[in-house]
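Enquirer: Taken in order, these protein sequences are the chains called A, B and C.
The opening position of the first sequence corresponds to residue 0 in numbering that gives the first Met the number 0, with each subsequent residue numbered one higher.
The opening position of the second sequence corresponds to residue 0 in numbering that gives the first Met the number 0, with each subsequent residue numbered one higher.
The opening position of the third sequence corresponds to residue 0 in numbering that gives the first Met the number 0, with each subsequent residue numbered one higher.
Glycine included, every Cβ here is placed at the ideal spot set by N, Cα and C.
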Amino acid sequence: MDSKRRGFLKSAAMAAAGSMVLGEGEFSLPVLGAADAPSDGDELTWSKAPCRFCGTGCHLQVGVHEGRVVAVAGDKAAEVNKGLLCVKGYHVGGILYGADRLTKPLLRKDGGLVEIEWDEAIDIIAQRIMDAPEKFAFYGSGQWTIPEGYAAQKLMKGGLSNNHIDPNARLCMASAVTGFLATYGVDEPAGCYDDLDACDVLITWGNNPAEMHPILFSRVTDRRSRGENVRIIDISTRRTRTTDAANDYLEMAPHGDVAIALGIMNQLIASGTYDKDFVEKHCAFRTLESETPTLQGEAISEDEFRKRIAAYTPERVEELSGVPADQIRMLGKLFGDRNLRITSLWCMGMNQHTMGTAVNSLVHGVHLLSGHFGRPGDAPTSLTGQPSACGTVREVGTLAHALPGGRVVANPDHRAQCEGFWNLPAGRISSTPGYHTVKMFDQFTKSADEGGDIDTLFVQVTNPGQTLPNLNKLFNDKEKLNDKFLIVSEVYPTATTQLADLILPAALWVEKNGIYGNSERRTQQWFKLVDPPGEARDDTWMTIAIAHRLLELGHEGMKDKDGEFIFSVKDEQGEDIPIWEFEHYYDTNVDKHLFEEYRQFTTMKHKNLAPYDEYVKARGLRWPVVQQDDGSWRETRFRFAGFDDPFVAEGEEFDFYHSTSGDGRAQVWFHDYQPPPEVPDEEFPMWLCTGRVLEHWHTGTMTRRLPQLNRAMPTAYVEMNLQDALAQNIRQGETVVIESRRGTTQLPVWIDGRGRPPRGTIFVPFFDETKLINNCTLDDHDPFSKQPDYKKCAVRVRKLSEASS
Amino acid sequence: MSEPAKPVRRGRLTSLFLFSVLAVSVIGYLVGLSDGVPAPDGVSRRSPTDVAQTSAADASGKVVPAVNYAEIPATPMGPTDAYQAKPVALSDQPAYDLFKQIEPSEADKLDSSRIRSSRRAYNGAPPIIPHAVENTSDAACYACHGGGIRLDGMKASVMSHAYLANCVQCHSPPPPTPFQDVPHEVDNGFVGLAAPQAGKRAYPGAPPTIPHSQWMRESCNACHGGPNGWAGMESTHPWRTNCTQCHAPSAALDQAIPAKAIPMLPPLDVAVN
Amino acid sequence: MPISGLVITFDQTFDHPDETLSRLRAEPAIEVGACDRRQCAIVVDTASQADDKKIYQWVQDLPGVAGIQVAFVGFDDDATPNSSSTTDSVD
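Written out as structure tokens, the structure reads:
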């Protein structure tokens with residue numbers, strides 16, 4: 000009898016016996032396929048958790064049976080997704096069970112990796128930090144949970160007096176942050192997803208939500224199925240699935256978005272259809288005048304603004320953007336109509352942009368000038384790509400220049416406040432901003448002789464070996480430098496672990512407690528539901544264990560003013576709970592302790608959070624969450640608007656209470672158009688745009704291990720226009736070489752694929768670790784946000800035979 | 000002696016040179032051909048004569064057999080019979096008899112279950128798209144899956160949920176045509192929830208409970224009845240339309256009422272003498 | 000090579016069913032499935048019918064076991080021709 004047959008008989012026998020125990024008298028059929036899976040959803044334990052992937056922040060119901068995730072359902076109680084998920088969310092359970100999960104700490108010795116114990120791993124890290132604390136850097140991401148990011152932040156800035164901590168969100172939404180700060184003086188969207196249910200017009204600016212934020216996009220298109228009228232206007236450099244659903248498609252040249260926004264403002268002013276009342280009461284004008292430009296810029300008069308914007312006539316904008324002047328007039332008319340509700344959506348297209356801060360501010364300006372702001376459906380809405388880019392990076396401030404709660408290291412009051420909350424001696428926090436991402440990796444991959452002053456780098460929850468731009472300059476050089484030490488906490492082998500000197504196996508998603516903050520200011524909590532495999536452990540634990548080892552080694556920074564460990568958690572008797580020992584880590588809810596400590600920081604910028612236990616009950620709450628007289632906690636859907644925001648005084652219609660001009664006004668910016676840093680020429684004649692596809696998320700380390708998703712998109716590719724392919728004699732599916740001034744990569748061609756680029760443009764998704772398009776991309780970045788431009792650079796496409804000759 | 004030999008050798012060299020020129024140009028031409036214009040997808044690579052030969056035996060009359068140039072004058076070249084024929088109507092969908100006696104078979108149910116589970120990561124997951132798909136627009140999906148269809152031995156199953164936009168947002172398609180041969184198998188140990196076998200009956204003959212969530216499966220007829228349901232899972236009484244009148248759903252699986260315990264009044268306080 | 004699915008009913012007055020359960024779990028021929036205070040499902044996988052009977056008797060004699068019901072018995076030595084397709088796993 001073969002073992003398969005035996006397994007089948009045993010599962011049938013178990014099903015028969017089990018069904019009798021569970022009160023089901025009749026045995027019908029053997030359980031199909033999985034001998035150890037339960038046969039009925041009622042037998043599972045279902046719990047809530049936000050999805051692991053993008054910034055939308057859908058809530059799931061996770062079905063667990065005997066310590067394993069076996070099913071997932073959309074959470075019907077969740078306002079974000081209303082019971083629906085996308086193909087990634089439905090299959091998210093499988094990310095825990097890829098065959099090559101990392102389960103043991105690995106140390107590189109003589110070129111090979113050897114298994115070591117956790118204790119030794121923590122020792123090595125602590126010793127390297129102890130030897131040169133100022134040469135240590137911490138790199139994380141918007142996939143850090145809020146407590147993970149908060150612990151890392153406290154270790155670095157509060158413990159080590161070292162500001163070299165930055166997240167990969169720098170590569171993702173830093174320009175959105177600077178755009179919000181420049182315009183409103185405070186970060187994050189005023190509106191929320193409810194705008195999508197109310198808008199009459201949806202404008203997607205260089206954005207493809209049909210694939211990247213499908214739940215939000217279908218929230219709009221499903222309204223059409225119900226008979227509502229929503230006009231979708233897609234402004235893009237190539238046709239996508241979003242274009243398929245759009246009423247209008249405006250094809251712009253790269254950087255054309257800047258000109259288009261200016262053109263709309265020109266039309267609003269020229270035709271006098273801007274919202275005079277709103278502008279008079281709530282807006283001021285700004286631009287960059289100084290030799291040394293700052294994010295705040297300089298105030299200008301409305302007349303001065305009119306004078307400058309007059310130059311951006313529809314005809315001039317057509318020249319700059321390629322969008323016909325009539326279409327610019329059409330957009331101007333739409334925004335001039337106050338009866339319509341207009342929502343703008345954008346994500347990487349406007350953020351990964353050397354004019355990222357400028358174009359973000361300009362689009363906010365279009366909405367402010369036209370008064371399409373602050374009513375449900377009237378909103379400039381910036382989306383995020385990572386599950387906690389808002390929660391962990393922007394709110395906890397895990398950036399080289401920031402402190403928790405919207406504070407910055409350069410401000411002495413802010414430093415003093417943080418030292419107060421953390422009970423640290425005055426002067427502990429350094430006033431010099433640390434290295435931002437590009438600079439951090441530049442310093443790490445440069446030898447010490449050449450001034451590379453970062454020698455130990457700890458990477459958590461992200462994959463810079465694949466996502467950094469210009470990899471040959473910023474990452475691959477590490478291989479030759481033996482004195483540099485790369486520590487990577489990961490769940491699977493990645494492009495980053497390839498060069499790692501120490502690999503730490505990490506717990507993933509529902510293998511640990513967590514809190515995420517999504518794109519609409521919603522803070523979402525979940526509990527650990529299953530055990531991590533092997534010796535995989537929580538990232539927060541790693542940070543605390545390293546801190547405690549440093550304390551044992553005598554690092555004074557690991558103590559607060561009273562000599563207590565900075566991560567000390569006490570039990571009811573006032574005794575320290577040894578959370579730095581993993582077997583005691585879950586003796587208490589460390590997430591809750593860290594979150595309650597972090598909450599104190601959030602009120603300064605009116606981003607008030609509720610106590611941890613409120614989030615346990617809810618499917619997330621949108622800050623500011625303010626306690627009501629009856630003791631309940633109320634979330635806020637529309638910030639700055641008197642009808643909803645508790646911080647706008649009674650009777651006021653609007654109040655931008657963090658205004659940079661100090662008078663409650665938002666800033667309408669003027670920026671002159673500037674050409675992209677690199678444009679196609681004879682040698683490199685094509686535009687390269689990079690991005691994502693529906694089925695894969697970020698660098699694909701999780702989604703590429705899911706059979707259903709990998710089947711749908713097994714490889715990265717280069718999307719080409721048919722005419723370009725014909726001109727170069729390139730066939731469907733043929734492997735070609737993409738070359739830029741910085742590097743090359745090989746990819747199969749998809750002519751007129753899922754997206755359809757115009758002539759002279761190619762598109763490549765970055766999820767495939769075997770075909771690294773970031774060898775080719777540019778590390779030029781926005782002057783304020785330091786975010787690189789992944790969306791445009793000059794490349795050429797060559798046939799393999801030509802390239803090898 | 001050596002003098003007369005020279006022209007001969009020169010002649011040989013010339014012919015060798017000419018030959019190599021010829022060879023290079025022929026090879027170049029062939030390489031050029033093989034490296035030619037992009038081949039569109041889905042077009043047969045067989046040569047036209049192959050097609051003619053195999054089609055000669057084909058009685059459809061749709062293809063005119065190729066002939067020698069010499070035979071052309073004598074060959075009728077007008078419209079073919081197939082071209083002249085009236086368009087053939089698609090076969091009618093089999094008439095559906097609501098009151099047909101249904102005898103559910105366990106073997107059919109097992110077969111149906113096996114097909115269904117081969118397309119899902121776990122019970123409740125949206126099925127992947129098991130067939131080639133060029134057009135992913137909603138209209139294209141609804142054309143067959145809106146009401147289901149049977150054609151040429153194949154069946155398009157019926158959508159079990161309300162109309163939702165952007166079908167491929169949840170149902171993942173097969174690899175794009177140019178990459179269909181790229182290996183995509185991955186080693187993943189996820190074990191999904193298996194499909195339920197049957198609802199629970201309080202006693203033999205009692206209506207079974209609904210063993211799965213109703214959420215996203217609001218249309219019972221999609222699988223359990225109608226002309227395009229699943230063999231072995233059909234209702235024996237499809238004319239009864241208010242299913243939950245007799246078949247109790249699960250509040251937990253439908254995420255209907257969030258309750259940790261079943262709320263009950265305390266037991267009666269009965270004094271014992 | 001018999002495989003049998005059995006349901007054990009516990010004596011409700013017995014105080015230590017956990018001990019009995021752990022003895023069941025320790026026996027390599029037995030796989031323990033769904034259990035509650037009242038009943039427990041097990042699968043017995045042995046090399047011969049004699050061994051199967053021995054295990055049955057051994058279970059019967061465990062403290063706290065009130066009775067055993069047979070839910071499933073498989074005796075066959077050879078796979079039926081279509082057996083491999085019956086156990087195709089879901090992907």
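Any beta carbon from chain A within less than 8 Å of C/Leu5's own beta carbon?
Expert: Along the third sequence, one-based indexing puts residue 5 of chain C at 6. Yes - at least one Cβ of chain A is within 8 Å of the one on C/Leu5.
Enquirer: Which word fits A/Lys479, buried or exposed, when buried means at least 16 other C-beta atoms lie within 10 angstroms of its C-beta?
Expert: For this step, residue 479 of chain A is matched to residue 480 along the first sequence. By the neighbour-count rule (16 or more Cβ atoms within 10 Å), A/Lys479 is not buried but exposed.
Enquirer: Our contact map puts A/Asp537 next to A/Ala506 with C-beta atoms below 8 Å; I'd like the distance itself, whole angstroms only.
Expert: What you label residue 537 of chain A is simply residue 538 of the first sequence in a count that begins at 1. What you label residue 506 of chain A is simply residue 507 of the first sequence in a count that begins at 1. With 8 Å as the limit, A/Asp537 and A/Ala506 qualify as a contact, their Cβ atoms being about 5 Å apart.
Enquirer: Cβ atoms of A/Ala76 and A/Thr542: under 8 Å apart, would you say?
Expert: As a first step, residue 542 of chain A is located in the first sequence; it is residue number 543 there, counting from the start. As a first step, residue 76 of chain A is located in the first sequence; it is residue number 77 there, counting from the start. Taking 8 Å as the Cβ cut-off, A/Thr542 and A/Ala76 do not qualify as a contacting pair.
Enquirer: Determine whether the Cβ of C/Gly32 lies closer than 8 Å to any Cβ atom of chain A.
Expert: Position 33 of the third sequence, counted from the start, is the residue given in the question as residue 32 of chain C. Chain A contact via Cβ: present.
Enquirer: May I ask you to report which of helix, strand or coil DSSP gives B/Ser1?
Expert: For this step, residue 1 of chain B is matched to residue 2 along the second sequence. Residue confidence is low: B/Ser1 scores 44 on pLDDT, short of 50, so the model does not pin down where it sits. Its coordinate-derived value is still stated next. Here B/Ser1 sits in helix by DSSP.
Enquirer: Measuring only the C-alpha atoms, how far is A/Lys134 from A/Ser381?
Expert: Within the first sequence, numbered from 1, the residue matching residue 134 of chain A stands at position 135. Within the first sequence, numbered from 1, the residue matching residue 381 of chain A stands at position 382. Between A/Lys134 and A/Ser381, the C-alpha separation is close to 35 Å.
Enquirer: Tell whether a beta-carbon distance below 8 Å holds between A/Met13 and A/Trp204.
Expert: Within the first sequence, residue 13 of chain A is the residue found at index 14, counting from 1. Within the first sequence, residue 204 of chain A is the residue found at index 205, counting from 1. Contact: no.
Enquirer: Near A/Gly663, what residues of its chain come up, given a Cβ to Cβ distance below 6 Å and the 5 sequence neighbours on each side ignored?
Expert: In the first sequence, counting from the first residue as 1, residue 663 of chain A sits at position 664. So the list reads Asp654, Phe655, once near-sequence residues are dropped.
Enquirer: Looking at the unbroken beta strand (DSSP E) that takes in A/Arg704, where does it start and where does it end?
Expert: Numbered from its first residue, the first sequence carries residue 704 of chain A at position 705. Neither: A/Arg704 is in no beta strand (DSSP E) and is coded neither H nor E.
Enquirer: Name, going along the chain, the residues of the stretch 693–712 of chain A whose beta-carbon falls closer than 8 Å to a beta-carbon of chain B.
Expert: Listed by position along the chain: Leu693, Glu694, Arg703, Arg704, Leu705, Pro706, Gln707, Leu708, Asn709, Arg710, Ala711, Met712.
Enquirer: Helix, strand or coil for A/Pro313? Go by DSSP, reduced to three states.
Expert: Working through the first sequence from its first residue, we reach residue 313 of chain A at position 314. It is helical.
Enquirer: Mind checking which residues open and close the beta strand (DSSP E) that includes A/His64?
Expert: Residue mapping note: residue 64 of chain A aligns to position 65 of the first sequence, counting from 1. Element bounds for A/His64: 58–64.
Enquirer: How many Å lie between C/Val43 and C/Ser21 at the Cα?
Expert: On the third sequence, residue 43 of chain C is found 44 positions in, with the first residue counted as 1. On the third sequence, residue 21 of chain C is found 22 positions in, with the first residue counted as 1. Computed Cα separation, rounded: 15 Å.
Enquirer: Starting from A/Ser343, follow its DSSP beta bridges and name the residues at the other end.
Expert: Numbered from its first residue, the first sequence carries residue 343 of chain A at position 344. Answer by DSSP bridge pairing, in chain order: A/Ile202, A/Pro379.
Enquirer: Assuming B/Val185 contacts A/Arg703 under a Cβ cut-off of 8 Å, what Cβ separation, rounded to an integer in Å, is found between them?
Expert: Here residue 185 of chain B corresponds to residue number 186 of the second sequence, with the count starting at 1. Here residue 703 of chain A corresponds to residue number 704 of the first sequence, with the count starting at 1. The Cβ separation is near 7 Å, so the contact holds.
Enquirer: Taking the alpha helix (DSSP H) that A/Leu287 falls in, what are its first and last residues?
Expert: Translated into the one-based positions of the first sequence, residue 287 of chain A becomes position 288. Run containing A/Leu287: none; DSSP gives neither H nor E here.
Enquirer: Can you tell me the Cα-Cα spacing of A/Asp779 and A/Asp628, whole angstroms?
Expert: What you label residue 779 of chain A is simply residue 780 of the first sequence in a count that begins at 1. What you label residue 628 of chain A is simply residue 629 of the first sequence in a count that begins at 1. A/Asp779 and A/Asp628: Cα-Cα distance of roughly 51 Å.
Enquirer: Name, going along the chain, the residues of the stretch 622–636 of chain A whose beta-carbon falls closer than 7 Å to a beta-carbon of chain B.
Expert: If the cut-off is 7 Å between Cβ atoms, the stretch 622–636 of chain A has nothing near chain B.
Enquirer: Taking 7 Å as the line, does the beta carbon of A/Gly426 fall inside it for any heavy atom of the ligand ATP?
Expert: With respect to the ligand ATP, the structure offers nothing, as it holds no ligand at all.
Enquirer: By DSSP's criteria, B/Lys154 is part of a beta bridge. Which residues make up the other side?
Expert: Mapped onto the second sequence, residue 154 of chain B falls at position 155. Its beta-bridge partners are B/Arg149.
Enquirer: Measuring CA to CA, which of B/Ser104, B/Ala205, B/Pro177, B/Pro203 is closest to A/Thr734?
Expert: Residue numbering aside, residue 734 of chain A sits at position 735 when the first sequence is read from its first letter. Measuring from the Cα of A/Thr734, the nearest candidate turns out to be B/Pro177.
Enquirer: Span of the beta strand (DSSP E) holding A/Thr353?
Expert: Translated into the one-based positions of the first sequence, residue 353 of chain A becomes position 354. Segment: none, A/Thr353 is in no beta strand (DSSP E) and carries neither H nor E.
Enquirer: At a cut of 8 Å, does the stretch 704–722 of chain A reach the stretch 84–95 of chain A through at least three beta carbon pairs?
Expert: Yes: the two stretches touch, three or more of their Cβ pairs being nearer than 8 Å.
Enquirer: Can the beta-carbon of A/Cys792 be found less than 8 Å from the beta-carbon of A/Ser739?
Expert: To locate residue 792 of chain A, count along the first sequence from 1; it is residue 793. To locate residue 739 of chain A, count along the first sequence from 1; it is residue 740. Their beta carbons are under 8 Å apart, which means A/Cys792 touches A/Ser739 by this criterion.
Enquirer: With which residues is C/Asp44 paired in a DSSP beta bridge?
Expert: In the third sequence, residue 44 of chain C corresponds to position 45, counting from 1. C/Ile2.
Enquirer: Quick one: Cα of A/Ile124 to Cα of B/Tyr121, how far?
Expert: Start at 1 with the first residue of the first sequence, and residue 124 of chain A comes out as number 125. Start at 1 with the first residue of the second sequence, and residue 121 of chain B comes out as number 122. Roughly 41 Å separates the two Cα atoms.
Enquirer: With distances taken between CB atoms, is the gap from A/Leu693 to A/Glu210 smaller than 8 Å?
Expert: Along the first sequence, one-based indexing puts residue 693 of chain A at 694. Along the first sequence, one-based indexing puts residue 210 of chain A at 211. The answer is yes: Cβ separation under 8 Å.
Enquirer: Check distances from the C-beta atoms of the stretch 31–64 of chain C to those of chain A and list, in chain order, the residues that come in under 9 Å.
Expert: Taking 9 Å as the Cβ-Cβ cut-off against chain A, the residues of the stretch 31–64 of chain C that qualify are Gly32, Ala33, Cys34, Asp35, Arg37, Gln38, Cys39, Ala40, Ile41, Val42, Val43, Asp44.
Enquirer: Out of A/Trp579, A/Ser567, A/Trp525, A/Pro531, which has the shortest C-alpha to C-alpha gap to A/Arg548?
Expert: Against the first sequence, residue 548 of chain A aligns to sequence position 549. Comparing Cα positions, the closest option is A/Trp579.
Enquirer: Could you confirm whether any beta carbon from chain B is found closer than 8 Å to the beta carbon of A/Met716?
Expert: The residue given as residue 716 of chain A occupies position 717 in the first sequence. Looking at the sequence provided, one finds Tyr at residue 716 of chain A rather than Met. For A/Tyr716, the answer is yes, since a Cβ of chain B falls inside 8 Å of its Cβ.
Enquirer: Mind reading off the beta-carbon distance from A/Val487 to A/Val458? Whole number of angstroms is fine, and I expect it under 8 Å.
Expert: Walking along the first sequence from the start, residue 487 of chain A turns up at place 488. Walking along the first sequence from the start, residue 458 of chain A turns up at place 459. So it is a contact: roughly 5 Å between Cβ atoms.
Enquirer: Determine, using beta carbons only, whether B/Asp186 comes closer than 8 Å to chain A.
Expert: One-based indexing of the second sequence puts residue 186 of chain B at position 187. Yes, because at least one Cβ of chain A sits closer than 8 Å to the Cβ of B/Asp186.
Enquirer: If you measure from the beta carbon of B/Cys169 to each beta carbon in chain A, is any gap under 8 Å?
Expert: On the second sequence, residue 169 of chain B is found 170 positions in, with the first residue counted as 1. Output row for B/Cys169: interface = yes.
Enquirer: Assess contact between the stretch 755–775 of chain A and the stretch 457–471 of chain A, defined as three or more Cβ pairs (one per stretch) separated by less than 8 Å. Is contact present?
Expert: With a cut-off of 8 Å, the stretch 457–471 of chain A and the stretch 755–775 of chain A count as touching, because enough Cβ pairs lie within range.
Enquirer: Is the distance from the Cβ of A/Gly178 to the Cβ of A/Asn338 below 8 Å?
Expert: One-based indexing of the first sequence puts residue 178 of chain A at position 179. One-based indexing of the first sequence puts residue 338 of chain A at position 339. No, Cβ-Cβ distance for A/Gly178 and A/Asn338 is not below 8 Å.
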